[in-house]
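**Q** Numbering (this note's numbering), first residue to last: 7 to 527.
Note that CB positions come from ideal geometry on N, CA and C, so glycine has one too.
Just passing along the structure, written as structure tokens.
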Ligand code: BGC
């Protein structure tokens, strides 16, 4: 019988932290144009609306940077719970806000949560997942993000018909629901076995591994012991090296991985996806699309649906091909969108609109622009969206994982923040050329990935250390050295034959696990 609490359900629950990021992405876009919002906050424009919108990204940046400290000291699980609690407070402050200042404070608080959860959920997921499906497990975070965007967009649309401040207060209050579920649900979930081991809670680490990997919670299962042994070896090696984990982030050996994970998150923003997510309405209006609500909601649905193949097959495709093909695909669709706008567009005669370039009287071109915008979204959902979260925790050793992922997530938020500010004026001043700029960023991302990013699929987190140290030159192949590894299976065989022993398993008295123990916080 399949038990209810397994790697999938635990990760799907943890991914609610990702859903909060999705809620955050669309929490402003759905209310910003409503009369109720404009009237209550005295028509915030320019710097005022900029402060309201970017308060969330600012909070997220601080949250991401503090995630490593909280995630390492209190545990991944407890730090995610702190994030969920902050989100609830932030949502309450926003929905009760009596003016711009209170709204900004509420958004900073909620942003702190998003920074924490967006860094720690992928770490937690990748540390509990077996290597064969680690990509699938972590892509649940991206799936939850896409759901969050979609659900919040529809809630805000529905509430826009309420003729009072409830039209924005209700959607902001409803945001607490997933956070409460996440906060409470985590009490029943185990800690990351790798985090437990790093705190010398070895018995618990072994029990959690047995719970996650063996149908009978068998702590003597050779595969469980093999994984345990790997964690044990890695931690003792790390302790022998006696490195200072903060300084180590910049050591010659590690720095290239930290920079790579920061770059992957930065490129995922520079793909141009958020031009579509945040400003699709401007693009559609300038392209002459009549039904904006329908056209934008289709985009959010495509984003969610196209994440599904990635969840199912990313462990087969590999990360490197997804990033490379994703960058080329995004580049193609963005150049096409820009080219069509250039060829069929003209200056907008109506002043005071967010866009200065429009397409009129070219229905076929309008449909083609819409199609290529959708295809860009689909391409991102299949590639950079999930892999952007999956890759950073995979490529660094345990002792610096939380710190390195925090920097990578911070790089996502800095880029996100900068684009949030830069895209509206750029759309006004350089119009269709903006798409060429993002198209070019994708080519740069392709080149960077081609030369620096190895394949990580199906490797144990510990094996990746070896790949970075002694791997073959990447540029020689598209797949980047992705031959499957069977190191764990070999270890399991040795343990089964009694050739190899873990240091701690001898001390374990019980063969079967009391499930309550692993749920203890
Ligand atoms: C990115 C967001 C983006 C979202 C779209 C996430 O991975 O970090 O910036 O809006 O995907 O689905």
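With 16 as the cutoff for other CB atoms within 10 Å, does residue 16 come out buried or exposed?
**A** buried
**Q** Going by beta-carbon coordinates alone, are residue 421 and residue 272 separated by less than 8 Å?
**A** yes
**Q** Using the DSSP secondary-structure output, state which residues sit across from residue 400 in a beta bridge.
**A** DSSP output for residue 400 lists no bridge partner at all.
**Q** Can you list, in chain order, the residues of its chain with a C-beta nearer than 7 Å to that of residue 153? Leave out the 5 residues immediately preceding and following it.
**A** 25, 28, 310
**Q** Does the separation of the CB atoms of residue 130 and residue 299 fall below 8 Å?
**A** no
**Q** Please report the residue range of the alpha helix (DSSP H) in which residue 149 lies.
**A** 140-165
**Q** Determine the contact status of residue 332 and residue 388, defining contact as a CB-CB distance below 8 Å.
**A** yes
**Q** Between residue 184 and the rest of its own chain, which residues show a CB-CB distance below 8 Å, the 5 nearest in sequence each way excluded?
**A** The residues are 22, 25, 26, 29, 154.
**Q** Does ligand 1 have even one heavy atom less than 7 Å from the beta-carbon of residue 283?
**A** Yes, since a heavy atom of ligand 1 falls inside the 7 Å radius drawn around the Cβ of residue 283.
**Q** Is residue 13 closer than 8 Å to residue 136 when the C-beta atoms are compared?
**A** yes
**Q** Indicate whether the contact test is met: 3 or more Cβ pairs, each with one atom in the stretch 111-129 and one in the stretch 363-378, closer than 8 Å.
**A** no
**Q** Is any heavy atom of ligand 1 found at a distance shorter than 7 Å from the C-beta of residue 279?
**A** Yes, since a heavy atom of ligand 1 falls inside the 7 Å radius drawn around the Cβ of residue 279.
**Q** For residue 526, count neighbouring Cβ atoms within 10 angstroms of its own Cβ and tell me buried if that reaches 16, exposed if not.
**A** Note on residue 526: pLDDT 43, under 50, position unreliable in the model; the coordinate value appears next. Of the other Cβ atoms in all chains shown, fewer than 16 fall within 10 Å of the Cβ of residue 526; this residue is therefore exposed.
**Q** Taking all protein chains shown into account, decide if residue 312 is buried (16 or more other Cβ within 10 angstroms of its Cβ) or exposed.
**A** buried
**Q** Indicate the three-state DSSP secondary structure (helix, strand or coil) for residue 286 in the structure shown.
**A** helix
**Q** Here's the rule: buried if 16 or more other CB atoms are within 10 angstroms of the residue's CB, otherwise exposed. What is residue 222?
**A** exposed
**Q** Give me, in chain order, the residues of the same chain whose beta-carbon lies closer than 7 Å to that of residue 50; leave out the 5 immediate sequence neighbours on both sides.
**A** 58, 106
**Q** With H, G and I counted as helix, E and B as strand and the rest as coil, what does DSSP make of residue 210?
**A** Residue 210: helix per DSSP, three-state reduction.
**Q** Compare the beta carbon distance of residue 171 and residue 361 with 8 Å and say whether it is the shorter of the two.
**A** no
**Q** If you run the structure through DSSP and keep just helix, strand and coil, what is residue 438?
**A** coil
**Q** In terms of residues, what are the limits of the alpha helix (DSSP H) holding residue 105?
**A** Counting along the chain, residue 105 falls outside any alpha helix (DSSP H), and DSSP gives it neither H nor E.
**Q** Do residue 255 and residue 72 have their C-beta atoms within less than 8 Å of each other?
**A** no
**Q** Nearest by alpha-carbon distance to residue 275: which of 339, 247, 394, 358 is it?
**A** 394
**Q** Are residue 415 and residue 145 closer than 8 Å when you measure CB to CB?
**A** Result no, Cβ atoms of residue 415 and residue 145 do not sit closer than 8 Å.
**Q** For residue 382 and residue 286, I'd like the C-alpha separation in whole angstroms.
**A** 12 Å
**Q** From the DSSP output, in three-state form, read off residue 351 for me.
**A** strand
**Q** Considering only the alpha carbon of each residue, which of 166, 79, 156, 140 lies closest to residue 544?
**A** Absent from the model: residue 544. The displayed extent of the chain is 7 to 527, so no value can be given.
**Q** Do the stretch 459-476 and the stretch 394-406 make contact, defined as three or more Cβ pairs closer than 8 Å?
**A** yes
**Q** Between residue 308 and ligand 1, is there a pair consisting of the residue's CB and a ligand heavy atom that are separated by less than 7 Å?
**A** Not so, every heavy atom of ligand 1 lies at least 7 Å from the Cβ.
**Q** So for residue 38, helix, strand or coil by DSSP?
**A** coil
**Q** If I measure Cβ to Cβ from residue 19 and keep anything under 6 Å in the same chain, skipping five residues before and after, which residues do I get?
**A** 191
**Q** What three-state label does DSSP hand residue 364 in the structure shown?
**A** strand
**Q** Which residues in the same chain as residue 427 place their Cβ atom closer than 7 Å to its Cβ, once the five residues preceding and following it in sequence are excluded?
**A** 56, 60
**Q** Should residue 87 be listed as close to ligand 1, given that the test is whether its C-beta is under 7 Å from any heavy atom?
**A** no
**Q** Which residues in the same chain have their Cβ closer than 6 Å to the Cβ of residue 228, if we skip the five residues on either side of it in sequence?
**A** 498, 501, 502
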